[in-house]
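Asks: Mind having a look at this structure? Questions to follow.
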Amino acid sequence: MKIGKQTLEFDKKPKILNTSSVVGPKEAEGPLSIYFDKKFNDALYEETTFEKAESKMIMTAVDTLLGKIPTDNSTIDYIFAGDLLNQCIATGYAVRELEMPFFGLYGACSTFVESLILASSFINANYGKKIIATASSHFCSSERQFRLPLEQGTQRTPSQQWTVTACGAALVTKNDNSFKCPVVTYATVGKIVDMGIKDIANMGAAMAPAAFDTIITHLEDTKRRPDYYDLIITGDLGTLGSKILIDLLAGHGIDISTNHSDCGKLIFDIEAQDMHAGGSGCGCCASVFSGYIYELLKTKKINKVLLIATGALMSPTSLGQGESIPSIAHAIAIENEV
Amino acid sequence: MNYTKLNMNEQEYSDYVDAHSKKSPIVKNCTLAFIVGGFICIIGQIFTDIFQHYGLSFKTASTYSTILLVLIAAILTAFKLYAKIGKFAGAGSIVPITGFSNSIVSPAIEYKTEGVVLGIGANMFKIAGPVLVYGICTSTLIGIVYWLIKLI
Amino acid sequence: MDLILTYLKVFVTGGLICLIGQILIDKTRLTPARILVTFVTAGAILTGLGIYQYIVDFGSAGATVPISGFGYSLAKGVIQEIDKIGFLGIFTGGVKATAAGIAAAVFFGYFCALFSKSDIK
Numbered sequence: 017m018k019i020g021k022q023t024l025e026f027d028k029k030p031k032i033l034n035t036s037s038v039v040g041p042k043e044a045e046g047p048l049s050i051y052f053d054k055k056f057n058d059a060l061y062e063e064t065t066f067e068k069a070e071s072k073m074i075m076t077a078v079d080t081l082l083g084k085i086p087t088d089n090s091t092i093d094y095i096f097a098g099d100l101l102n103q104c105i106a107t108g109y110a111v112r113e114l115e116m117p118f119f120g121l122y123g124a125c126s127t128f129v130e131s132l133i134l135a136s137s138f139i140n141a142n143y144g145k146k147i148i149a150t151a152s153s154h155f156c157s158s159e160r161q162f163r164l165p166l167e168q169g170t171q172r173t174p175s176q177q178w179t180v181t182a183c184g185a186a187l188v189t190k191n192d193n194s195f196k197c198p199v200v201t202y203a204t205v206g207k208i209v210d211m212g213i214k215d216i217a218n219m220g221a222a223m224a225p226a227a228f229d230t231i232i233t234h235l236e237d238t239k240r241r242p243d244y245y246d247l248i249i250t251g252d253l254g255t256l257g258s259k260i261l262i263d264l265l266a267g268h269g270i271d272i273s274t275n276h277s278d279c280g281k282l283i284f285d286i287e288a289q290d291m292h293a294g295g296s297g298c299g300c301c302a303s304v305f306s307g308y309i310y311e312l313l314k315t316k317k318i319n320k321v322l323l324i325a326t327g328a329l330m331s332p333t334s335l336g337q338g339e340s341i342p343s344i345a346h347a348i349a350i351e352n353e354v
Numbered sequence: 009m010n011y012t013k014l015n016m017n018e019q020e021y022s023d024y025v026d027a028h029s030k031k032s033p034i035v036k037n038c039t040l041a042f043i044v045g046g047f048i049c050i051i052g053q054i055f056t057d058i059f060q061h062y063g064l065s066f067k068t069a070s071t072y073s074t075i076l077l078v079l080i081a082a083i084l085t086a087f088k089l090y091a092k093i094g095k096f097a098g099a100g101s102i103v104p105i106t107g108f109s110n111s112i113v114s115p116a117i118e119y120k121t122e123g124v125v126l127g128i129g130a131n132m133f134k135i136a137g138p139v140l141v142y143g144i145c146t147s148t149l150i151g152i153v154y155w156l157i158k159l160i
Numbered sequence: 023m024d025l026i027l028t029y030l031k032v033f034v035t036g037g038l039i040c041l042i043g044q045i046l047i048d049k050t051r052l053t054p055a056r057i058l059v060t061f062v063t064a065g066a067i068l069t070g071l072g073i074y075q076y077i078v079d080f081g082s083a084g085a086t087v088p089i090s091g092f093g094y095s096l097a098k099g100v101i102q103e104i105d106k107i108g109f110l111g112i113f114t115g116g117v118k119a120t121a122a123g124i125a126a127a128v129f130f131g132y133f134c135a136l137f138s139k140s141d142i143k
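Residue numbers (the working numbering), protein chains in the order written: chain A, 17 to 354; chain B, 9 to 160; chain C, 23 to 143.
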């Protein structure tokens, strides 16, 4: 059911039955390392190209997820998935091997929550019983697409973020009340917000207004207070974007300084790993949620989470033509049933 | 777009972001750029001097020196060391001719997966191409002006 | 003593040119491609105006090793060739003077690429 301006209320409370995560070398060295299911130490993941490595990462994440249930590919009704590459090729080639009905999504770094929202909606509408939502990114494959060759000797600016090499997958299922799992209660679909930021090295600042807009709309639509949530976690705003978001919301009398965190800040030890403003990319939010946040929910360390994935919807073409960076943020409320 | 909920227009937001962004450590960056850049030039000078010592003319010696610098930078790039130097040296390793060499080798390595013709061949000049285009066009224009002045 | 002075001049000249590049990067967020283009163009123009020659006379390799020196070689090559063979020199002089650097970069670049693989920084 739709409530307010942009929010979906899931009356059937779709369950997130399980999750899985696969991460690359830098992420495996990070502070959340123990929460990830699979780690690999070579950026190529024993493949010949980074694009293939990314596909393998997605396949491994899905296989790991199915192995946890356990169930096999044929029982999956749909897979909602996307990545950062042109035409979502990493996902396309991965799903080729998986043989599942497939919806390819592009929401830049917001893809994971976009796929979670769509998977939950399908479950809520009874269009399926088991749906996988996933998203991935790979530092090397996206760096070459959006920025410069890896061996080019350049400096990264302090506001620059590091694209996370990771994939996270979640299995959303019908809530049959059999056993308690974190459930999806609300989702707020974001609008594109563009405040005219053109600096590709400062995506946190470009995306913060989108997160701001979605959070305000979510709170208005659901009539919830920000302190209702144990954790309000953004996808990849990084250090600067997070600071801006807290600041902007404070200006509207909304205080999230105590319960806000950011996946891009959590996944790396920013100082020790020299990550400048933190992590970014679809895989950032996907792996941190699937690995870490889901574990916190399962063990009841936290019970109510608002996950907001932010995406910067630019391309090398639009940047070359001097366009600013349009940004989007989708929010999803995931809670333990009482 | 003037976003009403934010009570800020684009210019105000841009100023706000600039004020809150962590600035690049410019003094440290400039010091490193100065030292590394100066050092690379000294290596070039040493090469030239050595070649001259062995009897080559100044012009030939400095040409060999250039070739040698280009070769060293290409090898360092292939062994993934040039990017590491560039990380702390910044312009110190971009501006010298070694940076030009790095800008040719790095896309060549990166796009190898797309084949030897359209991968390596076409992408080698992603960054070096504009340098040649602008260098040659500017010098040709200068030549035309010089020729016209000479004519009068 | 003379040698040390020469090397000091080389170091300072080269260092200063790179320092200007660094200021441009930090203050204007110019990408490396634009930095290189700016320097090569500036080098050629300053040579055309007769200024860069003084910098080269003072700093030797400190002025020729930076990419602005590439612009200097191009422009100087054009001018010298015009003096030698006339009009045609406009088109032959520049690339002739810099052929070694370009050919070396392309050739070494190609072979280094064949033997290397890119990896996470």
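In this text, a Cβ means the ideal position worked out from N, Cα and C, and glycines have one as well.
Going by alpha carbons, who is nearest to Ala97 of chain A out of A:Leu82, A:Phe66, A:Val129, A:Asn89?
Replies: A:Val129
Asks: How is Asp278 of chain A classed by DSSP in three states: helix, strand or coil?
Replies: strand
Asks: For the beta strand (DSSP E) containing Lys146 of chain A, name the first residue and the last one.
Replies: 146 to 153
Asks: Could you check what DSSP says for Ala302 of chain A in three-state terms: helix, strand or coil?
Replies: helix
Asks: In whole angstroms, give me the CA-to-CA distance for Ala119 of chain C and Ala41 of chain B.
Replies: 28 Å
Asks: Per DSSP, what kind of secondary structure is Val188 of chain A in: helix, strand or coil?
Replies: Judged by DSSP in its simplified three-state form, Val188 of chain A adopts strand.
Asks: Compute the Euclidean distance between the alpha carbons of Lys143 of chain C and Trp178 of chain A, then round it to the nearest angstrom.
Replies: Note that Lys143 of chain C scores 49 on pLDDT, short of 50, meaning its location in the model is unreliable; the coordinates nonetheless yield the value given after this. When only Cα atoms are considered, Lys143 of chain C and Trp178 of chain A end up about 11 Å apart.
Asks: Using beta carbons (cut-off 9 Å, strictly below), is Ile105 of chain A in contact with chain B?
Replies: It does not; no Cβ of chain B falls within 9 Å.
Asks: Quick check on DSSP: helix, strand or coil for Tyr11 of chain B?
Replies: Unreliable placement is indicated for Tyr11 of chain B, whose pLDDT of 48 sits below 50; no coordinate value is reported for it.
Asks: So, under 8 Å CB-CB, Asp99 of chain A and Ser153 of chain A are touching, yes? Tell me the CB distance rounded to an integer number of Å.
Replies: Right, their Cβ atoms sit about 6 Å apart.
Asks: Along chain B, which residues have their Cβ under 8 Å away from the Cβ of Leu96 of chain C?
Replies: Gly143, Ile144, Thr146, Ser147
Asks: What are the boundary residues of the alpha helix (DSSP H) that Phe119 of chain A is part of?
Replies: No alpha helix (DSSP H) holds Phe119 of chain A; the beta strand (DSSP E) holding it covers 118 to 120.
Asks: Nearest chain A C-beta to Lys139 of chain C closer than 9 Å, yes or no?
Replies: yes
Asks: Excluding the 5 residues preceding and the 5 following Tyr51 of chain A in the sequence, name in chain order all residues of the same chain whose CB lies nearer than 8 Å to its CB.
Replies: Ser37, Gly307, Tyr308, Glu311
Asks: Along chain C, which residues have their Cβ under 9 Å away from the Cβ of Cys300 of chain A?
Replies: For Cys300 of chain A, there are no neighbours in chain C by C-beta distance under 9 Å, as the nearest C-beta there is about 16 Å away.
Asks: Could you tell me the distance, in whole angstroms, from the CA atom of Glu62 of chain A to the CA atom of Thr121 of chain B?
Replies: Using only the alpha carbons, I get a separation of about 15 Å.
Asks: Please identify the residue among A:Asn102, A:Leu265, A:Leu114 whose C-alpha is closest to the C-alpha of Pro332 of chain A.
Replies: A:Asn102
Asks: Can you round the beta-carbon distance between Ala126 of chain C and Val153 of chain B to whole angstroms, since I take them to be within the 8 Å contact cut?
Replies: Not confirmed; about 30 Å, so no contact.
Asks: How big is the Cα-Cα spacing for Val141 of chain B and Gln19 of chain B?
Replies: 35 Å
Asks: Counting only beta-carbon atoms, is Val25 of chain B nearer than 9 Å to chain C?
Replies: Chain C, which has no Cβ nearer than 9 Å to the Cβ of Val25 of chain B, makes this no.
Asks: Within 9 Å (strictly less), CB to CB, does Thr50 of chain C reach chain A?
Replies: no
Asks: Mind listing, in chain order, the continuous alpha helix (DSSP H) runs of no fewer than 4 residues lying wholly within the stretch 35 to 122 of chain B?
Replies: Scanning the stretch 35 to 122 of chain B from its first residue to its last, the whole alpha helix (DSSP H) runs of 4-plus residues come out as 66 to 86, 90 to 97, 99 to 102, 105 to 118.
Asks: Please identify the residue among B:Gly123, B:Pro138, B:Val113, B:Asp26 whose C-alpha is closest to the C-alpha of Thr50 of chain C.
Replies: B:Asp26
Asks: Out of A:Gln337, A:Pro198, A:Leu48, which has the shortest C-alpha to C-alpha gap to Thr315 of chain A?
Replies: When each option's Cα is compared against that of Thr315 of chain A, the closest is A:Pro198.
Asks: Given this structure, state the Cα-to-Cα distance separating Asn110 of chain B from Glu167 of chain A, to the nearest angstrom.
Replies: 8 Å
Asks: For Gln168 of chain A, would you say it is in contact with chain C, using Cβ-to-Cβ distances shorter than 9 Å as the test?
Replies: Chain C, which has a Cβ nearer than 9 Å to the Cβ of Gln168 of chain A, makes this yes.
Asks: Residues in the stretch 47 to 73 of chain C with C-beta within 9 Å of chain A's C-beta atoms, listed in sequence order?
Replies: Ile47, Asp48, Arg51, Thr53, Pro54, Ala55
Asks: Using CA coordinates, which residue listed in A:Thr189, A:Lys84, A:Thr181, A:Asp229 is at the minimum distance from Ala59 of chain A?
Replies: Looking from the CA of Ala59 of chain A, the closest CA among A:Thr189, A:Lys84, A:Thr181, A:Asp229 belongs to A:Thr181.
Asks: I think Cys134 of chain C touches Ala86 of chain B, with their Cβ atoms under 8 Å apart; what is that distance to the nearest whole Å?
Replies: Their Cβ separation, rounded to whole angstroms, is 4 Å, which keeps Cys134 of chain C and Ala86 of chain B in contact under 8 Å.
Asks: Give every residue of the same chain whose Cβ lies closer than 6 Å to the Cβ of Thr173 of chain A, excluding the five residues on either side of it in the sequence, and list them in chain order.
Replies: Cβ within range, chain order: Ala217.
Asks: Reducing DSSP to helix, strand and coil, say where Ala55 of chain C ends up.
Replies: helix
Asks: Any idea if Ser131 of chain A is buried or exposed, counting beta-carbon neighbours within 10 angstroms, 16 or more meaning buried?
Replies: buried
Asks: I'd like to confirm the pairing. Which residues does DSSP put opposite Leu323 of chain A in its beta bridges?
Replies: A:Ile249, A:Ile348
Asks: Under 9 Å between C-beta atoms, does Cys183 of chain A make it to chain C?
Replies: With respect to chain C, the C-beta atom of Cys183 of chain A has no partner C-beta closer than 9 Å.
Asks: With H, G and I counted as helix, E and B as strand and the rest as coil, what does DSSP make of Met16 of chain B?
Replies: It is a strand residue.
Asks: From the DSSP output, which residues share a beta bridge with Ala328 of chain A?
Replies: A:Ser343
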